[in-house]
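Just so you know, the working numbering puts 103 at position 103 of the sequence shown, and the rest follows in order with no gaps.
Structure first, commentary second.
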Amino acid sequence: MLRSALLAIIAISAAHAADKPNIILIYADDLGWGDVSCNGATAVQTPNIDRIAKEGINFNSGYATSSTCTPSRFSLLTGKYAWRQQGTGVLPGDAAMIIDPAKPTLPAMLKKAGYRTGAVGKWHLGLGGKEGVNWNQEIKPSPRELGFDFSHIMAATGDRVPCVFIEDGKVQNLDPADPIEVTYKQGFKGYEGLPNGVKDRASLKMDWSQGHNMAVINGIGRIGYMKGGTKALWNDEEMADHLAGQALRFIRESKDAPFFLYFAMHDIHVPRVPNPRFVGKTSMGPRGDAIVQADWQVGEVLRLLDELKLAENTLLIFTSDNGPVIDDGYKDQAQEKLGTHKPAGPWSGGKYSILEGGTRVPFLVRWPARVKPDQKSSAIVNQIDFAKSFATLTGGDGNFPDSQDVLPALLGESEEGREYNIEHSGQLAIRMANWKFIPAGPKGKVPDRLINLGKDPSESDNLAETFPQKMQELKAKLAEVKGGE
Ligand code: CA
Numbered sequence: 001m002l003r004s005a006l007l008a009i010i011a012i013s014a015a016h017a018a019d020k021p022n023i024i025l026i027y028a029d030d031l032g033w034g035d036v037s038c039n040g041a042t043a044v045q046t047p048n049i050d051r052i053a054k055e056g057i058n059f060n061s062g063y064a065t066s067s068t069c070t071p072s073r074f075s076l077l078t079g080k081y082a083w084r085q086q087g088t089g090v091l092p093g094d095a096a097m098i099i100d101p102a103k104p105t106l107p108a109m110l111k112k113a114g115y116r117t118g119a120v121g122k123w124h125l126g127l128g129g130k131e132g133v134n135w136n137q138e139i140k141p142s143p144r145e146l147g148f149d150f151s152h153i154m155a156a157t158g159d160r161v162p163c164v165f166i167e168d169g170k171v172q173n174l175d176p177a178d179p180i181e182v183t184y185k186q187g188f189k190g191y192e193g194l195p196n197g198v199k200d201r202a203s204l205k206m207d208w209s210q211g212h213n214m215a216v217i218n219g220i221g222r223i224g225y226m227k228g229g230t231k232a233l234w235n236d237e238e239m240a241d242h243l244a245g246q247a248l249r250f251i252r253e254s255k256d257a258p259f260f261l262y263f264a265m266h267d268i269h270v271p272r273v274p275n276p277r278f279v280g281k282t283s284m285g286p287r288g289d290a291i292v293q294a295d296w297q298v299g300e301v302l303r304l305l306d307e308l309k310l311a312e313n314t315l316l317i318f319t320s321d322n323g324p325v326i327d328d329g330y331k332d333q334a335q336e337k338l339g340t341h342k343p344a345g346p347w348s349g350g351k352y353s354i355l356e357g358g359t360r361v362p363f364l365v366r367w368p369a370r371v372k373p374d375q376k377s378s379a380i381v382n383q384i385d386f387a388k389s390f391a392t393l394t395g396g397d398g399n400f401p402d403s404q405d406v407l408p409a410l411l412g413e414s415e416e417g418r419e420y421n422i423e424h425s426g427q428l429a430i431r432m433a434n435w436k437f438i439p440a441g442p443k444g445k446v447p448d449r450l451i452n453l454g455k456d457p458s459e460s461d462n463l464a465e466t467f468p469q470k471m472q473e474l475k476a477k478l479a480e481v482k483g484g485e
């Protein structure tokens with residue numbers, strides 16, 4: 001009797017495990033398709049990222065939804081195209097939360113399906129309500145209101161104030177006697193006495209090339225002004241250790257339940273200030289060394305999964321929020337030391353671009369219990385599809401407007417991914433099979449373009465006049481997607 005009950009319990013927990021693997025999404029920032037050695041990079045080695053590819057699937061048509069941070073993250077977490085909602089472009093660090101907590105989100109869906117959910121790292125989706133954030137009290141809404149049981153985040157980006165970490169809605173290490181004030185209004189009103197990147201430029205440890213000349217924190221100019229919170233300020237050199245530590249902490253604390261970890265690394269966004277132990281690891285200066293640092297963080301996660309014996313039943317995804325950028329506002333030698341390295345691989349464009357390099361990013365999936373190792377896939381998959389696909393996987397509610405169930409493709413069981421892929425960089429483009437249509441630019445400066453990506457990865461040969469019917473087909477599909485929700 002006792003034995004059969006025990007067997008039944010074992011059977012139930014085994015079934016539970018197969019349905020509900022742990023899910024870890026490691027989200028790099030501004031890392032290009034060609035920035036990892038499993039996609040051909042030689043000037044930088046990424047053995048830990050490569051290990052995910054070797055033990056799982058490497059997608060060559062895996063996409064971020066947009067070519068910048070905020071809209072990609074918005075689309076990933078809501079299963080809804082950011083371009084359907086006003087105000088989802090790159091946000092200042094004191095923006096209000098742009099995701100409506102009343103609408104479906106990926107973490108809320110997984111939480112309801114029985115997962116412990118955590119967000120660590122870069123947020124950049126706004127915090128608090130429209131009345132403005134008071135950084136000195138509990139901030140609502142924060143990731144908790146979107147379904148994250150735990151969060152340890154930076155409000156926006158490394159190059160924007162406030163330069164502090166926020167855990168579960170509260171600024172960490174904040175001294176109430178030294179309250180934080182933040183503004184993104186132009187001019188120095190109220191902040192005249194504090195260092196800024198214009199008058200104190202000579203003292204900066206990393207000079208700026210564009211913007212990044214307001215508050216000076218840790219010797220680096222930022223976007224926006226900030227005062228107070230001295231004890232709470234982060235140290236850029238220790239950021240990777242800090243965030244990896246929080247990701248590992250969440251995994252340890254969640255190991256007995258199915259868990260979902262959204263680990264949004266800061267690397268390799270600017271300012272690129274890797275820890276001294278990574279400095280000089282490549283010939284490419286801080287940008288290359290930050291890639292090595294990103295790879296180290298991935299290795300920390302892999303190591304802990306092995307140590308806790310969780311690797312087998314953890315669905316691990318590694319990808320990036322948009323394509324690469326070389327000079328993104330700091331004089332960090334990224335251009336001068338690039339050499340022959342191709343951050344976007346064979347694709348043209350990068351961050352901010354409608355060309356493939358803008359959104360086609362490293363995209364790796366590993367799940368030893370179900371996914372065969374050493375696979376390559378050409379299925380078209382997009383980060384917006386995680387919401388619906390994970391709902392299918394976990395029995396959750398898949399009510400997401402733009403997300404598609406591409407689970408068989410994500411698990412390497414099918415080469416059929418999306419029929420179409422929408423690319424976004426302010427304007428929209430559409431890919432179907434190997435064809436891509438980029439509508440004419442504003443004022444007709446650039447004509448309608450039809451590209452055959454299979455033959456022309458650099459997108460230099462406009463076939464609009466050669467295949468007008470094909471172009472009409474893509475144009476119609478794009479109009480249909482734009483019209484629907
Ligand atoms: Ca980014």
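We put the CB at the ideal spot given by N, CA and C, even for glycine.
Specify, as a first and last residue, the run of the alpha helix (DSSP H) that residue i falls within.
i, result
"L410", "L407 to L410"
"Q172", "Taken as a continuous stretch (DSSP letters only), Q172 belongs to no alpha helix (DSSP H), as it is neither H nor E."
"Q375", "Note, Q375: premise wrong, no alpha helix (DSSP H); beta strand (DSSP E) at Q375 to S377."
"A476", "P468 to G483"
"S151", "Not the alpha helix (DSSP H): S151 falls in the beta strand (DSSP E), residues F150 to M154."
"V365", "Here V365 belongs to no alpha helix (DSSP H); instead the beta strand (DSSP E) covers F363 to R366."
"V292", "P286 to E307"
"A344", "Segment: none, A344 is in no alpha helix (DSSP H) and carries neither H nor E."
Got a sec, what are the start and stop residues for the beta strand (DSSP E) residue i sits in?
i, result
"F390", "Careful: F390 lies outside any beta strand (DSSP E), inside the alpha helix (DSSP H) at F386 to T394."
"I422", "Y420 to S425"
"H266", "No beta strand (DSSP E) contains H266, which DSSP labels as neither H nor E."
"F278", "Looking at the DSSP string, F278 is not in any beta strand (DSSP E), and its letter there is neither H nor E."
"T117", "R116 to K122"
How long is the line joining the alpha carbons of residue i and residue j, rounded to whole angstroms?
i, j, result
"D256", "L302", "17 Å"
"G441", "M284", "35 Å"
"S203", "A247", "34 Å"
"V161", "D50", "34 Å"
"S353", "S67", "6 Å"
"S61", "K111", "29 Å"
"Q86", "M432", "26 Å"
"G121", "L146", "16 Å"
"S414", "F363", "16 Å"
"P258", "D448", "48 Å"
"D175", "G193", "21 Å"
"I23", "P107", "11 Å"
"H16", "G396", "Note that H16 scores 49 on pLDDT, short of 50, meaning its location in the model is unreliable; the coordinates nonetheless yield the value given after this. So the two alpha carbons sit approximately 13 Å from each other."
"T105", "K170", "22 Å"
Taking all protein chains shown into account, decide if residue i is buried (16 or more other Cβ within 10 angstroms of its Cβ) or exposed.
i, result
"E356", "buried"
"L478", "buried"
"R360", "buried"
"R272", "buried"
"Q472", "exposed"
"L164", "Note on identity: in this sequence residue 164 is Val, with Leu being the wrong assignment. So V164 counts as buried."
"P21", "buried"
"S389", "buried"
"P373", "exposed"
Considering only residues of the same chain and omitting the five flanking positions on each side of residue i, which have a CB-CB separation below 8 Å?
i, result
"V496", "Only positions 1 to 485 of the chain appear in the structure, and residue 496 is not among them; the question remains open."
"D241", "N275"
"A464", "P447, D448, R449, L450 and M471"
"N196", "F188, N213, M214, A215, V216, G221 and Y225"
For residue i, which residues in the same chain have their Cβ closer than 6 Å to its Cβ, ignoring the five residues on either side in sequence?
i, result
"G345", "W33, G34 and N39"
"Y225", "T183, Y191, M214 and A215"
"I317", "L25 and V365"
"F260", "I23, L110, Y115 and T117"
"M1", "Its pLDDT being 46, under 50, M1 is placed unreliably by the model, and nothing is read from it."
In its own chain, which residues sit with a C-beta less than 7 Å from the C-beta of residue i, not counting the 5 before and 5 after it?
i, result
"K103", "T78"
"I12", "Note that I12 scores a pLDDT of 46, beneath 50, so its modelled location is shaky; the value from the coordinates is reported in the next line. Cβ within range, chain order: n/a, list empty."
"F467", "L450"
- Task: Could you name the residues whose beta carbon sits closer than 5 Å to any heavy atom belonging to ligand 1, keeping them in chain order?
- Result: D29, D30, C69, D321 and N322
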